[in-house]
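J.: The structure's right below; bear with me while I get my questions together.
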Amino acid sequence: MAKDELALAIANLERDKVLSLVKERLQAGVKPMEIINSLQEGMVEVGNRFEKGEFFLSELIFCGEIMKEAMVELEPKLAAGDREYRGTVVIGTVKGDIHDLGKNIVVMLLKGAGYNVVDLGVDVAPEKFVEAARETKTSLVAMSMLLTSVMDKMKECVQAVKESGLNVKVLIGGPIIDDKVMEFSGADYGSAVASDAAKIAGEVYGAA
Ligand code: B12
């Protein structure tokens, strides 16, 4: 179990404590991504308790709400980069999955790194990814996924983009991405780390 005070506070669903610790740490100069990592660690614990039957869906929802409130403080700091325009990235959470907190962090980091981000939201069908890729003329489509049950859908989304004839790379992200998932999906890039999105976009767009 987490030892960090902030991770513990969110794992115990102590909303007020979470929000005051986030503010305190930002004021103390702690990097926003470091704060997010602590929050994520605590949320994994909430997920574990849910799996064990100690927490129910209502707790999962509340945990998500606390994170959303914390992100109000953190997002402006993540998107505060001062970079020139580098390219467009299309992003969405794949069909069947409505988790979006991690995706939203990726969006903010990409914006902060100078990318124009077209966010398709959650539960995004394969054809929507293709349509957006075609319209925006992007070179990179990013997909987020947290549920193992949407693995087949994720593969469909990846394949739809790859088979569209467009010159587009596909990045898949989320906590369950590993070598097996990469091989199964056929995606070009994969990562469980939000900040990798900007690095990969940099590679795709040839940015320094
Ligand atoms: C909050 C939460 C919810 C909220 C989501 C609110 C929201 N607006 O997103 C609600 C209540 C809606 C929810 C619903 C469900 N959930 Co839920 N949920 C969680 C929980 C507790 C936290 C997820 C989270 O936001 N973490 C914080 C963020 C910051 O972390 P993250 O998403 O991992 O993102 C980071 C990285 O993964 C990465 N990343 C993410 N996306 C991308 C994309 C790219 C391109 C890149 C590069 C990186 C990247 O960067 C982020 C920052 O570091 C997790 C527990 C866990 N272990 O994660 C369960 C969890 C994901 N949920 C789970 C389940 C089972 C469900 C439900 C099926 C429950 C139910 N019976 O109804 C439903 C499914 C609904 C659906 N169709 O999607 C399981 C999934 C198990 C599995 N592997 O399949 C988990 C793991 C809980 C558990 N241990 O059982 N959930």
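Using this note's numbering, you'd call the opening residue of the sequence shown number 6 and step up by one each time.
Virtual Cβ for every residue (Gly too), placed ideally from N, Cα, C.
Predicted model, so just to flag it, every value in this text is computed and none were measured.
Taking the DSSP output, what are the residues bridged to V111?
T.: Per DSSP, none; premise fails for V111.
J.: Looking at T141 and the ligand B12, is the gap between the Cβ and the nearest heavy atom below 7 Å?
T.: No, the ligand B12 has no heavy atom inside 7 Å of this Cβ.
J.: Please tell me whether D102 and V127 are closer than 8 Å, where the distance is taken between their beta carbons.
T.: Closer than 8 Å, so yes.
J.: Tell me which residue opens and which closes the alpha helix (DSSP H) that M43 is part of.
T.: Here residue 43 turns out to be Ser, not Met, going by the sequence shown. Here the alpha helix (DSSP H) through S43 covers P37 to E56.
J.: Is C68 close to the ligand B12? I mean its beta-carbon at under 7 Å from any heavy atom of the ligand.
T.: Yes, the Cβ of C68 comes within 7 Å of a heavy atom of the ligand B12.
J.: Tell me whether A37, by its Cβ, gets closer than 7 Å to a heavy atom of the ligand B12.
T.: Ala is not the amino acid found at residue 37; the sequence shown has Pro there. Every heavy atom of the ligand B12 is 7 Å or more from the Cβ of P37, so no.
J.: Going by DSSP, what residues sit across from K174 in a beta bridge?
T.: Bridge partners of K174: L145.
J.: Decide yes or no for the touch test of the stretch 88-99 against the stretch 110-129: beta carbon pairs closer than 8 Å, at least 3 of them.
T.: Touching, yes, given that three or more Cβ pairs across the two stretches are closer than 8 Å.
J.: Using a Cβ-based criterion (distance less than 7 Å to any ligand heavy atom), does K82 qualify as near the ligand B12?
T.: It does not: the Cβ of K82 is nowhere closer than 7 Å to a heavy atom of the ligand B12.
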